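Here the protein sequences line up with chains Y and G, keeping their order.
Using our numbering, the letters of the first sequence correspond one by one to residues 929 to 1228.
Using our numbering, the letters of the second sequence correspond one by one to residues 929 to 1228.
No residue lacks a Cβ here, since even glycine has one placed at the ideal position from N, Cα and C.
Since the model is a prediction, treat every value here as computed from it, not as a measurement.
There are 2 protein chains.
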Amino acid sequence: MLALTILGNNSAIPAFGRNPTSQVLQTQDDIFLIDCGEGTQLQLSKYKIRRSRISHIFISHMHGDHYFGLIGLLTSMSLLTRTQELHLHAPPLLKEIIDLQLQAANTTLTYKVHFHPLNEEGVIANTNKISIECFKVKHRIECWGFLFREIKKPRHIDADRVRSYEIPASFYEQLQKGEDYRTKKGTIIPNEELTTPATKPVSYAYCADTIYDESLVEKIKGVDLLYHEATYLKDQHLRAADRFHSTTAQAAEIAKKSGVKKLLIGHFSSKYEFLDDFLSEAKEIFEETELALEGLCFKV
Amino acid sequence: MLALTILGNNSAIPAFGRNPTSQVLQTQDDIFLIDCGEGTQLQLSKYKIRRSRISHIFISHMHGDHYFGLIGLLTSMSLLTRTQELHLHAPPLLKEIIDLQLQAANTTLTYKVHFHPLNEEGVIANTNKISIECFKVKHRIECWGFLFREIKKPRHIDADRVRSYEIPASFYEQLQKGEDYRTKKGTIIPNEELTTPATKPVSYAYCADTIYDESLVEKIKGVDLLYHEATYLKDQHLRAADRFHSTTAQAAEIAKKSGVKKLLIGHFSSKYEFLDDFLSEAKEIFEETELALEGLCFKV
């Protein structure tokens, strides 16, 4: 299971109490932080998410509303004498900026940061249970989306059955992988008699900031949860295109074409105080849409 | 008159709803921003201080809790299409960091920033009504205090008197400076008969982050309002010294020795939830002490 908590859902300028982009994806073992706009460390405190459990941070691009809160978070982790290593996946220039800021403060962090520059599409990280890929999206500057997939889980062994067939423990791993068992006498016992299927692995795609781009469809096909920005209402599609952003209708169109289970929209422009129209416009095209409201937790 | 609003009063890590250091000093014409910790732009909105009226920003040193909010503020000003020039007084390295961040975002600000690197003590800016000096304080890295002084104001001309003595308008400026008037017949009319004194210029000293340092006394002697950090309660004086910070008692001692009218203390350590003891400890030594609580406005 994955649990996604929204920390910030506003574009560029913070407005109407809405914060710049940041999200937290929790797995059983880890917390992943996705983008880190100014004030993210305050939002983490507000929603009682433990900074110390963040193992990986992913930064989509170098617009400030997606990373200006990072240096403060890294520094605070150090002031709290963190020792666990941290993995930071981000555009190459971010390392230079962080290094310069640490140097200016004459500070050495108390923990090791493994900086992984985003260079090409593909798998960028693997934990025991999750595989993370990055993919390009189209924005005014280089920008990356992230795809989190649970790794296919082993089948559950039926303890009573394996005992009754006297199957040796040394064969359990093969059973979990789905292999049939062959007895000494040569009888085949089908895997389905000995195991039950694992729960289906789930997936989450985060598309960061992007213009309407149908080439996304192939990359995110069939994910359980899709976050796609919707900076503007649909009547502003010219402005959206001009600024390499999307509208409600465009986000919903991508969700529909990709056959995802659920769509979350966010990155709302500061010109909108109320968000009701965002939801209704997207739902006209893709019913399973929700607003990425701050503090909400979406279970996948 | 000067009006000082506290936007943030916490040290290093934001805690208990307290923000990192930032203050706003308002004059009749200008708004000066003093330090700019993460979240300052949100605090400006919260306390309804107009970003557009900020003419000068002063950054004391390169610890993040004093400047991590700056780049977000500068960027937002640009997104709001500011055109007025902005003066930024800060340690030289800050320019490099800002330039790198703007370059990474492929952004050019919509307004001109005049960057004035802090290099030596003395006057660093003058508006029509205020003169601003910087002075060194002792911290773990190079750190500057700022002294804001109203410029001596011209004496008020008594309209009835100058008319009755038939004094020509061309002499008014000299009258405002305090000169006596000599009539054509050679009679001296003393300035005091023609003018009344201007209100006394007031002054504010901001001492940023500093260890207890008596050499400050000469620099801030007799100011109307002094901000001196008090990161710790007095029993923590060893820790304070070790980290180049001060205690309540030390801040009060400096205020007393400097003969200031009022002392504000702030930069409270994140280890303290309640601040009552800060006030009582400082008042034992210097009665005219107040806590720099966020949102409070102190008129000088």
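Here's the rule I'm using: 16 or more other beta-carbon atoms within 10 Å means buried, otherwise exposed. How should residue i be labelled?
{"i": "I1182 of chain G", "result": "buried"}
{"i": "Q1178 of chain Y", "result": "buried"}
{"i": "S1143 of chain Y", "result": "exposed"}
{"i": "F1206 of chain G", "result": "buried"}
{"i": "R981 of chain G", "result": "exposed"}
{"i": "P1019 of chain G", "result": "buried"}
{"i": "D1170 of chain G", "result": "exposed"}
{"i": "H1042 of chain G", "result": "exposed"}
{"i": "P942 of chain G", "result": "buried"}
{"i": "T968 of chain G", "result": "buried"}
{"i": "P1118 of chain G", "result": "exposed"}
{"i": "G1114 of chain G", "result": "exposed"}
Quick check on residue i: does DSSP put it in helix, strand or coil?
{"i": "H991 of chain G", "result": "coil"}
{"i": "D963 of chain Y", "result": "strand"}
{"i": "Y1109 of chain Y", "result": "strand"}
{"i": "H1067 of chain Y", "result": "coil"}
{"i": "S1174 of chain Y", "result": "coil"}
{"i": "S1143 of chain G", "result": "coil"}
{"i": "R946 of chain Y", "result": "strand"}
{"i": "T968 of chain Y", "result": "helix"}
{"i": "G1223 of chain Y", "result": "coil"}
{"i": "E1120 of chain G", "result": "helix"}
{"i": "S1004 of chain Y", "result": "helix"}
{"i": "Y1132 of chain G", "result": "strand"}
{"i": "I1095 of chain G", "result": "coil"}
{"i": "Q954 of chain Y", "result": "strand"}
{"i": "A931 of chain Y", "result": "strand"}
{"i": "A940 of chain G", "result": "coil"}
{"i": "I977 of chain G", "result": "coil"}
{"i": "L1014 of chain G", "result": "strand"}
{"i": "L1166 of chain G", "result": "helix"}
{"i": "L1161 of chain G", "result": "coil"}
Residue i CB to nearest chain Y CB: under 8 Å?
{"i": "F996 of chain G", "result": "yes"}
{"i": "H1017 of chain G", "result": "no"}
{"i": "H991 of chain G", "result": "yes"}
{"i": "N1047 of chain G", "result": "no"}
{"i": "E966 of chain G", "result": "yes"}
{"i": "P1118 of chain G", "result": "no"}
{"i": "R1068 of chain G", "result": "yes"}
{"i": "I941 of chain G", "result": "yes"}
{"i": "Q871 of chain G", "result": "Residue 871 of chain G is absent from the model: chain G starts at 929 and stops at 1228."}
{"i": "I985 of chain G", "result": "no"}
{"i": "E1142 of chain G", "result": "no"}
{"i": "Q1178 of chain G", "result": "no"}
{"i": "Q1104 of chain G", "result": "no"}
{"i": "Q1029 of chain G", "result": "yes"}
Would residue i count as contacting chain G if we go by Cβ distances under 8 Å?
{"i": "G936 of chain Y", "result": "no"}
{"i": "T1003 of chain Y", "result": "yes"}
{"i": "I999 of chain Y", "result": "yes"}
{"i": "L1021 of chain Y", "result": "yes"}
{"i": "E1157 of chain Y", "result": "no"}
{"i": "N1034 of chain Y", "result": "yes"}
{"i": "Q1164 of chain Y", "result": "no"}
{"i": "Q1012 of chain Y", "result": "no"}
{"i": "L1037 of chain Y", "result": "no"}
{"i": "I1025 of chain Y", "result": "yes"}
{"i": "Q969 of chain Y", "result": "yes"}
{"i": "L1007 of chain Y", "result": "yes"}
Residue ranges of each beta strand (DSSP E) within the stretch 1176-1215 of chain Y, 3 or longer:
1190-1194
With contact counted as at least three CB pairs below 8 Å, one residue from each stretch, are the stretch 1024-1044 of chain G and the stretch 997-1010 of chain G in contact?
By the C-beta criterion, the stretch 1024-1044 of chain G is judged to be in contact with the stretch 997-1010 of chain G, since at least 3 inter-stretch pairs fall below 8 Å.
Quick one: complete beta strand (DSSP E) runs, 3+ long, within the stretch 1022-1093 of chain Y?
1041-1045, 1050-1054, 1058-1065, 1071-1078
With a cut-off of 8 Å, do at least 3 Cβ pairs link the stretch 1065-1079 of chain G to the stretch 967-984 of chain G?
no
May I ask you to verify whether the stretch 1008-1019 of chain Y touches the stretch 1048-1063 of chain G, counting CB pairs closer than 8 Å and requiring at least 3?
Result no; under three Cβ-Cβ pairs closer than 8 Å.
Any chance the stretch 1130-1139 of chain Y sits against the stretch 1097-1110 of chain Y, with 3 or more Cβ pairs inside 8 Å?
no
Contact between the stretch 1013-1030 of chain G and the stretch 983-995 of chain G: three or more CB pairs below 8 Å?
yes
Check whether the stretch 1151-1159 of chain Y and the stretch 1189-1196 of chain Y touch, using three or more Cβ-Cβ pairs below 8 Å as the test.
In short, these stretches touch, since the Cβ pair count reaches three.
Do three or more CB pairs link the stretch 1100-1108 of chain Y to the stretch 1119-1126 of chain Y at distances below 8 Å?
yes
Does the stretch 1053-1062 of chain G come close enough to the stretch 957-970 of chain G that 3 or more CB-CB pairs lie under 8 Å?
yes
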